[in-house]
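Residue numbers (our numbering), protein chains in the order written: chain A, 1 to 462; chain B, 463 to 924.
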């Protein structure tokens with residue numbers, strides 16, 4: 001069974017890892033501390049060693065060495081996760097995949113690309129630029145694609161292009177015993193046995209370490225319009241987004257930001273958006289189609305007492321516009337110095353979204369903590385960003401209570417406690433509330449593939 | 463361990479099943495024979511008992527009783543599978559889900575519907591008619607939705623709407639010990655633990671019996687155009703289909719039928735299509751968009767020396783047109799009396815499709831058996847329909863050799879031996895060739911969830 005290693009055992013393991021990756025293994029404090037926290041609110045926990053492989057073969061050798069030493073293994077990408085998904089709760093070896101940055105093959109004629117796990121979203125899209133194709137999944141942070149696969153990330157754009165579930169076509173994974181497995185071949189579809197790709201996507205490193213990912217890529221749309229639409233009431237904004245989805249409009253992104261969030265963004269960006277409930281939208285397609293969809297949206301917007309505050313077609317203007325949305329976390333964090341942000345992540349059926357979001361706002365209004373809300377409302381998914389002073393335990397406690405209350409609200413509406421951030425360390429109890437009969441099945445799969453529980457222990461399962 | 467039951471044991475089991483489903487359990491020969499063969503070429507194998515539950519609770523009780531008796535369990539839907547996926551190779555109890563035909567809930571505002579596993583595709587779409595929504599996955603046969611989920615079916619339309627992998631949002635499943643598990647809640651997306659839905663979809667009843675399925679449904683497109691396009695050469699037709707996909711045209715279906723298939727269809731339907739390589743296509747969307755896409759396709763068609771032979775917009779004309787494609791299997795079977803049809807099912811990257819299909823045609827031309835070809839070429843997936851005289855073992859042997867040769871060809875092109883029919887009993891060896899390192903992982907998952915191997919034994923895994 002996995003256990004905390006003694007000093008002597010660690011030193012021995014370090015020597016054997018050095019035999020694999022040379023000087024790319026360390027027990028230096030600063031490197032360990034760099035890998036001790038993600039962008040969430042969880043307390044820091046540092047790994048004992050950090051190893052930085054450059055290819056799948058090295059990962060497999062590291063895992064074998066750790067398995068031989070009964071040492072816990074925690075994979076690391078860009079450190080942008082929010083639920084402690086990549087924190088070494090019991091120490092062990094952090095396998096930092098951030099130097100695995102090779103784009104292994106681009107097959108634009110088949111709309112697919114294969115990358116090493118450490119390639120980041122922006123690097124990939126830069127690499128794809130000459131092909132006229134792009135990878136649409138955009139969680140905001142410039143995460144690694146391996147990390148995005150492991151947490152089943154999504155973000156803006158999912159309403160049109162799906163999540164990592166829909167866009168990872170296959171992966172190479174290192175299992176708990178060091179075996180290397182390729183989960184699928186390159187056919188556009190397959191009925192060849194169990195869907196191991198889908199099993200690995202969202203498993204947060206608890207079943208294996210994803211070292212290479214094959215992704216679906218898409219033609220850059222001929223024409224894109226981004227729109228900002230402002231409302232007086234939260235309910236109107238949310239209902240306009242629900243109508244947009246329910247009327248079947250082909251929208252690529254539809255994001256809600258509440259008035260406090262717009263205020264935070266104005267401060268952070270030195271911008272002057274109306275500080276009111278706001279929708280950011282984007283339509284992709286051929287020009288005629290985009291214009292037709294935009295006209296339909298204008299009707300929906302007017303019917304819900306909204307007004308178009310800005311629209312943009314050129315890439316530069318659109319980037320400026322979306323930068324506001326992308327900076328939501330940093331803008332909220334900057335509202336008060338030295339705060340951490342706890343971000344909730346509920347997702348409910350679109351038909352329940354207004355009920356859920358208004359109720360969540362009530363919960364937040366009854367709290368002493370400052371907060372903002374933003375959400376991928378086309379998917380029924382939204383986040384409250386709650387500011388906590390990490391030095392005040394009562395803040396953390398209050399924020400966690402809000403977090404759990406909102407998650408239970410979503411579950412009561414047949415939704416989920418996590419739309420896209422994953423379970424990590426913080427939501428294991430909530431997962432059991434959400435999928436009571438399914439959790440033992442997950443545990444059986446985990447026990448089958450990682451009988452000694454060395455792969456990212458303390459995550460997802462009790 | 464699962465074993466063949468003695469007469470006394472069977473009689474005892476029948477009595478206990480009668481305690482659950484009353485007279486809906488039988489060992490009558492005609493019912494057993496009805497469940498002894500699907501629409502494929504495999505030799506008949508009858509179950510010992512057939513039980514016909516009406517709800518998930520009854521399925522769970524049947525499974526518990528079978529587990530207590532160490533008796534194999536084989537789920538049955540409409541009997542339209544092609545790889546012996548639902549045949550009782552070692553006898554045991556066939557659980558016939560065809561009377562579980564209730565549409566449990568329709569939530570058009572969330573684009574989802576939940577049905578019992580025995581609901582068939584056409585029944586579902588009839589039930590949805592008043593909502594303006596439809597379920598697009600169409601494997602040709604009027605299969606049950608439980609069976610389609612269990613085999614990860616697709617068919618025409620997958621090029622736009624995806625396969626069952628993309629359209630099953632959750633399911634209720636009975637596991638090997640009789641436990642009932644719901645795999646997901648109703649949020650449009652989720653990062654809540656392992657994706658058990660995806661693990662079950664395509665598991666062919668070997669991990670559990672899917673008793674209820676929640677499906678994504680879509681707005682009926684405002685406008686639809688179906689087109690028939692004829693070519694002189696197979697290569698031109700296939701390359702036109704590849705160009706259609708690679709230029710990013712938003713085509714909903716794109717089907718290839720070769721000249722022998724068009725001849726078979728003409729005979730079967732008393733139609734007068736040109737007996738030449740043919741593409742059937744369909745575009746869905748708003749009128750302007752559909753017309754724009756169709757115009758682009760006309761250019762591609764002309765560039766590949768094709769000509770538009772027919773087009774249709776009204777539902778009646780389109781149905782007449784697609785009936786030809788849907789009857790491909792029956793039309794081929796009718797070419798010679800008393801023949802069975804072995805259908806291959808390879809799928810390759812679209813960029814390899816012309817190479818693969820032309821090579822496959824060469825293999826077929828070198829054989830003494832008659833054959834036709836049809837395929838979902840937008841997905842890189844095609845089928846050869848090979849006529850065999852079931853009385854002549856050398857026919858079956860030759861067809862199987864062709865089948866394996868084509869599958870190996872696809873695997874050599876980084877494709878799959880099964881795009882949509884599943885592994886069943888016939889492709890277990892091919893699966894090992896295709897995904898050598900993944901098969902032991904599948905076996906470990908299987909052993910974890912069905913340690914006594916009572917769930918549809920003899921399928922998928924060695």
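Every residue gets a Cβ at the ideal spot worked out from N, C-alpha and C, and that includes glycine.
Owing to the predicted nature of the structure, the values given are computational and were not obtained by experimental measurement.
Contact set between residue 442 of chain A and chain B, taken where Cβ atoms lie within less than 9 Å: 655, 656 and 658
To which residues does DSSP link residue 284 of chain A through a beta bridge? A:224
From residue 690 of chain B to residue 744 of chain B, what distance separates their C-alpha atoms? 9 Å
Should the stretch 484 to 501 of chain B be called in touch with the stretch 632 to 641 of chain B, which here means at least 3 C-beta pairs below 8 Å? no
Which partner residues does residue 644 of chain B have in the DSSP bridge list? B:634
Tell whether a beta-carbon distance below 7 Å holds between residue 738 of chain B and residue 810 of chain B. no
Of all the CB atoms in chain A, is at least one closer than 7 Å to the CB of residue 907 of chain B? yes
Measure the Cβ-Cβ separation of residue 559 of chain B and residue 579 of chain B and say whether it is below 7 Å. yes
Three-state secondary structure assigned by DSSP to residue 917 of chain B: strand
So what does DSSP say about residue 218 of chain A, is it helix, strand or coil? strand
Under three-state DSSP, which class holds residue 903 of chain B? helix
I'd like to know if residue 571 of chain B contacts chain C, where contact means its C-beta is closer than 7 Å to some C-beta of that chain. Given the protein chain composition of this structure (A and B), no chain C is represented.
How long is the line joining the alpha carbons of residue 861 of chain B and residue 802 of chain B, rounded to whole angstroms? 11 Å
Selected residue, minimal CA-CA separation from residue 233 of chain A, among A:346, A:221 and A:259: A:259
Which residues, in order along the stretch 163 to 179 of chain A, keep a beta-carbon less than 8 Å from a beta-carbon of chain B? 163, 165, 166, 175 and 179
Helix, strand or coil, according to DSSP, for residue 370 of chain A in the structure here? coil
Can you name the residues that DSSP bridges to residue 322 of chain A? The partner list for residue 322 of chain A (beta bridge, DSSP) is empty, contrary to what the question assumes.
Which whole-angstrom value describes the C-beta separation of residue 554 of chain B and residue 510 of chain B, a residue pair presumed to lie in contact below a C-beta threshold of 8 Å? 6 Å
Find the residues of chain B that neighbour residue 421 of chain A, judging by a C-beta separation of less than 7 Å, and give them in chain order. 653
Which runs of the alpha helix (DSSP H) at least 4 residues long sit entirely within the stretch 846 to 910 of chain B? Give them in chain order. 855 to 874 and 890 to 896
Measure from the C-beta of residue 232 of chain A to each C-beta in chain B and report whether the shortest distance is under 7 Å. no
Pair within 7 Å by beta-carbon distance, residue 749 of chain B and residue 845 of chain B: no
Report the rounded CA-to-CA distance for residue 688 of chain B versus residue 733 of chain B, giving the unit in angstroms. 17 Å
Could you tell me whether any Cβ in chain B is nearer than 7 Å to the Cβ of residue 448 of chain A? yes
Counting only beta-carbon separations shorter than 7 Å, does residue 380 of chain A have a partner in chain B? yes
Secondary structure, alpha helix (DSSP H): runs of 4+ residues fully inside the stretch 565 to 621 of chain B: 583 to 590 and 607 to 612
So which residues of chain A does residue 485 of chain B contact, with C-beta pairs closer than 8 Å? Correct list: empty, because the minimum Cβ distance to chain A is about 31 Å.
Go ahead and label residue 466 of chain B buried or exposed: buried means 16 or more other beta carbons lie within 10 angstroms of its beta carbon, across all protein chains shown. exposed
Buried/exposed call for residue 767 of chain B, threshold 16 Cβ in 10 Å: exposed
How big is the Cα-Cα spacing for residue 442 of chain A and residue 448 of chain A? 10 Å
Using a C-beta to C-beta distance shorter than 8 Å, which residues of chain B count as neighbours of residue 30 of chain A? Neighbours of residue 30 of chain A on chain B: none; closest Cβ ~31 Å, over 8 Å.
Which term fits residue 798 of chain B, buried or exposed, when burial requires 16 or more other beta carbons within 10 angstroms of its beta carbon? exposed
Counting contacts by CB-CB distance shorter than 7 Å, is residue 155 of chain A in contact with chain B? no
Is there a Cβ of chain A sitting closer than 7 Å to that of residue 815 of chain B, yes or no? no
Using DSSP bridges, identify the partner residues of residue 717 of chain B. B:742
From the beta carbon of residue 187 of chain A, is the nearest beta carbon of chain B less than 7 Å away? yes
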